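Asks: Heads up, the sequence shown is in UniProt numbering, so the first residue is 1 and it goes up one at a time. Pasting in a structure now, in structure tokens, and then I'll have a few things to ask.
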Amino acid sequence: MNLRKSLHDHSKKVHTKKSSRDPSRDLSIPVLIRTIRRLTKEKVQMASEVSCMLRNQVVERVSAKEEANILQAELDSQT
Numbered sequence: 001m002n003l004r005k006s007l008h009d010h011s012k013k014v015h016t017k018k019s020s021r022d023p024s025r026d027l028s029i030p031v032l033i034r035t036i037r038r039l040t041k042e043k044v045q046m047a048s049e050v051s052c053m054l055r056n057q058v059v060e061r062v063s064a065k066e067e068a069n070i071l072q073a074e075l076d077s078q079t
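Written out as structure tokens, the structure is:
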């Protein structure tokens with residue numbers, strides 16, 4: 001009987017701790033779903049930005065290479 005009472009008291013303590021947790025760390029299913037959606041949206045946005053930056057770098061490199069080829073051709077024609 002003491003063991004049962006002890007377990008019951010322990011259960012109350014655990015339950016009390018759960019109810020006094022920090023509300024900013026709410027782990028309810030709707031909150032988790034919103035968090036996952038927000039993070040997924042941010043991840044897609046960041047991937048899009050990185051993709052755009054990489055595309056711009058490729059365009060700049062192609063342009064620089066074309067300019068270098070033109071300058072090399074001019075230099076070769078002068079000699």
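A virtual CB, placed ideally from N, CA and C, is assigned to each residue, including glycine. The model shown is predicted, which means the values in this text are computed figures rather than measured ones.
1) In angstroms with no decimal places, state the Cα-to-Cα distance between Ser51 and Leu75.
2) By DSSP, does Glu67 sit in helix, in strand, or in coil?
3) For Arg34 and Thr40, I'd like the C-alpha separation in whole angstroms.
Replies: Checking against the coordinates, here is how it stands:
1) In a straight line, the C-alpha of Ser51 is about 36 Å away from that of Leu75.
2) DSSP places Glu67 in helix when its eight states are reduced to three.
3) Looking at the two C-alpha atoms, the distance is approximately 10 Å.
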